[in-house]
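Trainee:
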Amino acid sequence: MATVGTAEGWSRELEALAARIAPRFSRAEPRRRALAYLRGLLSPLKRKNGWQLAEVAGDGTPDGVQDFLSRMRWDADAVRDDLRAYAVEHLGDPDAVLVLDETGFLKKGDKSAGVQCQYSGTAGRIENCQVGVFLGYASRHGRALIDRALYLPKTWTTNVARCAAAGIPEGAALTTKPQLGLAMLDRALEAGMPFAWVAGDSVYGADHRIRRRLEARGRGSVLAVTSGQRLGFVPVEDWLAKVPPDGWCRLSAGDGAKGPRLYDWAYLPYRGAAPGWRMGLLIRRSPAKPNDLAYYLTHAPEPTTLARLVRVAGTRWAIEACFEAAKGEVGLDEYEVRSWTGWHRHITLAMLAHAYLAVLRKAALGGSGRARPRRRAAAPHRARGSAPALAPHLGPHTRAIRHPALVRLAQAPSTARTTMPLAKAGQPA
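With the UniProt record's numbering, letter number 158 in the sequence shown gets 158, and the count goes up by one each step, no holes.
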């Protein structure tokens, strides 16, 4: 019997995946083309545009590919739901992290749905591009993109004729990036997707509706905010003065291309959480550039360690890795369609192909989704010239005060396995 780790097993897994989404296509022709499209995206083609995908499918022209993406009848949102279920089946874990982020797709001209000169994280500057909002899923078994939506700038939402020409449905033009992200989180929650945390950049961290929804549904969150985000009556950057020189703990937010991503971290609790939960402000500082700071609003169950919050914050990089892999391996950004429908169809199938590779990767790594054994909680690191390594537990002298207080940490104990519970505002540690 062929296993997923063999060439025959890969083919069978892909055919099983195609059979899984087959009910979403009412006719045999789009079902056949869906499998051919997935095969093309997974092929070693240098580029995955219409002509190359048509060649893999055995077509002489890209007309069939264009028809499949733009005109044939099938429901991309239903396929998205199948993708989510597929990811849960193979990568699901109760301690997983959902990550909200966006990526740009560079374009020429002004006819592609949602295109305009706007900031592209892909290019790192303002470019003529489309921007897609995505929801990623990261667990100890692997990671995948599970939801998507095309963002429409105001130059589109205020032009009904332009939206109609690009096939944009009514109502879609009235949605902001946080609203798109919230809708994705709602779909994941309603589907019963297993996850414990949500991470996201400041576009989503600044939105109180996202934070309140996660609090109401009993999910932890580590959401980035800008330095001007108000917490209470003051910007979060003003809270920095509450951190004494020895109030920082150096921890890794995860492994990067050059090894552990080490930063100095401080945590300030504040009131307002429901029983059994803690809210706080997490601050990240670059060891090399002390003025390079990042801020996160956190909502965490009791007990939660500082190291855990840091790892969740670092999980944001997982979706960046997903974008890079999906663009490099399955042509996420190599579509040649302009319409709203075409964009969502191509992106959904590319995400499905990327998830398929994540499943194969998990199987190749012995079912763990990782090349190395799972690591224990991130241990504090001692910086050159700094105070001794901070202990992973609260010191006995943490004071109970009415206003948000710093988590003070004692000398390192004899074992590295103890936890670092977060202080609760206004109560003894």
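Ideal Cβ placement from N, Cα and C applies to all residues, glycine included.
1) Under the three-state reduction of DSSP, which class applies to Leu152: helix, strand or coil?
2) Does Leu106 come out as helix, strand or coil in the three-state DSSP assignment?
3) Given that a residue counts as buried once 16 or more other Cβ atoms are within 10 Å of its Cβ, and exposed if not, what is Thr304?
4) What are the complete beta strand (DSSP E) segments, minimum 3 residues, inside the segment 194 to 237?
5) Where does Arg278 sit, in a helix, a strand or coil, going by DSSP?
6) Helix, strand or coil: how does DSSP classify His299 here?
7) I'd like to confirm the pairing. Which residues does DSSP put opposite Gln116 in its beta bridges?
8) Specify the secondary structure class of Thr176 as computed by DSSP and reduced to three states.
9) Quick check: the Cα distance between Met193 and Trp239, rounded to an integer number of angstroms?
10) Can Val97 and Phe195 be called in contact, C-beta distance under 8 Å?
11) For Ser11, which three-state DSSP category applies?
12) Just to confirm the assignment: which complete alpha helix (DSSP H) runs, minimum length 4, are found wholly within the segment 2 to 87?
13) Reducing DSSP to helix, strand and coil, say where Val97 ends up.
14) Taking the alpha carbon of Lys242 as the point to measure from, which residue in Arg73, Leu282 and Ser26 has its own alpha carbon closest?
15) Is the beta carbon of Arg24 closer than 8 Å to that of Val65?
16) Name the two residues that bound the continuous alpha helix (DSSP H) containing Tyr356.
17) Just verifying my parser: in three-state terms, what is the DSSP assignment at Arg271?
18) Using 8 Å as the threshold, is the segment 35 to 55 in touch with the segment 334 to 341, meaning 3 or more CB pairs across them?
19) My understanding is that Arg261 touches Gly314, with C-beta atoms under 8 Å, so please give their C-beta distance in whole angstroms.
20) In its own chain, which residues sit with a C-beta less than 8 Å from the C-beta of Asp59, not counting the 5 before and 5 after it?
21) Quick one: Cα of Leu360 to Cα of Trp197, how far?
Mentor: Once the coordinates are examined:
1) Residue state, collapsed to three classes: coil.
2) When DSSP states are grouped into helix, strand and coil, Leu106 belongs to the strand group.
3) Label assigned to Thr304: buried.
4) For the segment 194 to 237, the full-length beta strand (DSSP E) segments reaching 3 residues or more read 197 to 200 and 220 to 225 along the chain.
5) Correct three-state label for Arg278: strand.
6) If DSSP states are grouped into helix, strand and coil, His299 belongs with the strands.
7) Gln116 has Cys129 as its beta-bridge partners, per DSSP.
8) Note: Thr176 maps to coil in three-state DSSP.
9) Approximately 35 Å between the Cα atoms of the pair.
10) Annotated as proximal: Val97 and Phe195, with beta-carbon spacing under 8 Å.
11) Note: Ser11 maps to helix in three-state DSSP.
12) Within the segment 2 to 87, the alpha helix (DSSP H) runs of at least 4 residues that lie entirely inside it are, in chain order, 7 to 21, 28 to 42, 50 to 57 and 63 to 70.
13) Assignment of Val97 by DSSP, reduced to helix, strand and coil, places it in the strand class.
14) Looking at the Cα atoms, Leu282 is the closest of the given residues.
15) Cβ atoms of Val65 and Arg24: not closer than 8 Å.
16) Where Tyr356 is concerned, the enclosing alpha helix (DSSP H) stretches over Trp340 to Ala364.
17) Here DSSP, grouped into helix, strand and coil, assigns Arg271 to coil.
18) The answer is yes - the segment 334 to 341 touches the segment 35 to 55, with three or more Cβ pairs under 8 Å.
19) Sure, about 6 Å apart at Cβ, within 8 Å.
20) Excluding positions up to five away in sequence, the list reads Val65.
21) As the crow flies, the alpha-carbon of Leu360 is around 25 Å from that of Trp197.
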